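Asks:
Protein chains: 2
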Amino acid sequence: MKADALRGHLDPMILAVVESEPLHGYAIMEALLERSGGELDLPTGTLYPALRRLERAGYLASEWSTVGGRKRRTYQLTSAGQKMLASGKQEWLTFRAVVEGVLRPGQA
Amino acid sequence: MKADALRGHLDPMILAVVESEPLHGYAIMEALLERSGGELDLPTGTLYPALRRLERAGYLASEWSTVGGRKRRTYQLTSAGQKMLASGKQEWLTFRAVVEGVLRPGQA
DNA sequence: TCCTGATAAGTAGATTGGCTACATGTTGCC
DNA sequence: GGCAACATGTAGCCAATCTACTTATCAGGA
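Take a look at the structure:
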């Protein structure tokens, strides 16, 4: 999968994995990897800046903790983040319809 | 629809609309607009550079003509372009599966 | 005649987000 | 001792899309 393809779609995906429970960065990476069937293996240089961006924007809130001697920053969805996620899902449906309307992916 | 969302997805869409018949730039814009149900209204500053890029890459070939006093550059798919389109469609299916695996867009 | 909107093609420069590569430190296992 | 997994982060690169602009023809209405 090409890198750019993700552009603009990563944010809602990150919000989606912390929807049900707060997670720290590393766990978010693992969750994305798992939910995507091993396809979405984000480099840390992508994920961590994205998390900070989402926090700055008010969609995530974070909290430090220490587990087994390791420091974790755990992120949870804010109410603004919930709205953002909902509209992100909606936008995805629109986007998908646009691409498939043009691409007609049925016929290879 | 956000601008970045298109990143990396535009190329196969352009190739798709010239698959069945060669078209000139302006007609490609109209075709994209129509196939997307009015959603995909590309600025010329996006489309024309993209077409040149795709031609440089060998996926499109162009030819000038004059119709009704207006100059047109008509693009058609090369065989490399056909392969690219096929793999682009395949990649789209993968991408869609990844996003939906993570997003679970069913539950709003 | 003049103006506007549709047709047609293009360039210059800004933006931006995901990438590579690097830096730091812990824990547990061989 | 050394390596893999865990855990977080920064600096700087790159490329595709965008905004804003330019040029030109043609048709139709005021």
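Which chain is which? The protein sequence lines are A and B, in order.
-4 is the number that this note's numbering gives to position 10 of the first sequence; each next residue is one higher, with no gaps.
29 is the number that this note's numbering gives to position 43 of the second sequence; each next residue is one higher, with no gaps.
We put the beta carbon where it would ideally sit given N, CA and C, even for glycine.
What you are looking at is a predicted structure, and each value in this text was computed from that prediction instead of being measured.
What is the rounded straight-line gap between the Cα of S51 (chain A) and the Cα of Q62 (chain A)?
Replies: Whole-angstrom Cα-Cα distance: 13 Å.
Asks: Going by DSSP, what residue range makes up the alpha helix (DSSP H) through K69 (chain A)?
Replies: Segment S65 to L89, the alpha helix (DSSP H) holding K69 (chain A).
Asks: Can you give me the C-alpha to C-alpha distance between T30 (chain A) and I0 (chain A), rounded to a whole angstrom?
Replies: For T30 (chain A) and I0 (chain A), the distance between alpha carbons rounds to 13 Å.
Asks: How would you call R90 (chain A), buried or exposed, if buried means at least 16 neighbouring beta carbons within 10 angstroms?
Replies: Exposed: under 16 other Cβ atoms inside 10 Å.
Asks: Would R59 (chain A) and G11 (chain A) qualify as a contact pair, given that the criterion is a beta-carbon distance under 8 Å?
Replies: Yes, the Cβ-Cβ distance between R59 (chain A) and G11 (chain A) is below 8 Å.
Asks: Determine whether the beta carbon atoms of A17 (chain B) and L9 (chain B) lie at a separation below 8 Å.
Replies: Yes; because the gap between Cβ atoms is below 8 Å, this pair is in contact.
Asks: Who are L46 (chain A)'s beta bridge partners in DSSP?
Replies: Looking at the DSSP assignment, L46 (chain A) forms a beta bridge with A:L63.
Asks: Can you find a C-beta in chain B that's less than 8 Å from the C-beta of M(-13) (chain A)?
Replies: Yes, M(-13) (chain A) counts as interfacial toward chain B.
Asks: Just list the residues that DSSP pairs V4 (chain B) with in beta bridges.
Replies: DSSP output for V4 (chain B) lists no bridge partner at all.
Asks: Return the CA-CA distance between E20 (chain B) and A83 (chain A), expressed in angstroms with no decimal places.
Replies: Between E20 (chain B) and A83 (chain A), the C-alpha separation is close to 13 Å.
Asks: Within 8 Å of any Cβ in chain A, is that where the Cβ of A13 (chain B) sits?
Replies: False, the Cβ-Cβ gap to chain A never drops below 8 Å.
Asks: Which residues in chain B have a C-beta closer than 8 Å to the C-beta of T80 (chain A)? List them in chain order.
Replies: M(-13) and E25, listed in chain order.
Asks: Step through the CB atoms of chain B and report whether any lies within less than 8 Å of the CB of V3 (chain A).
Replies: Judged by the 8 Å Cβ criterion, V3 (chain A) is in contact with chain B.
Asks: Nearest by alpha-carbon distance to L33 (chain A): which of A:Q68, A:D(-3), A:V53 and A:G67 is it?
Replies: It is A:D(-3).
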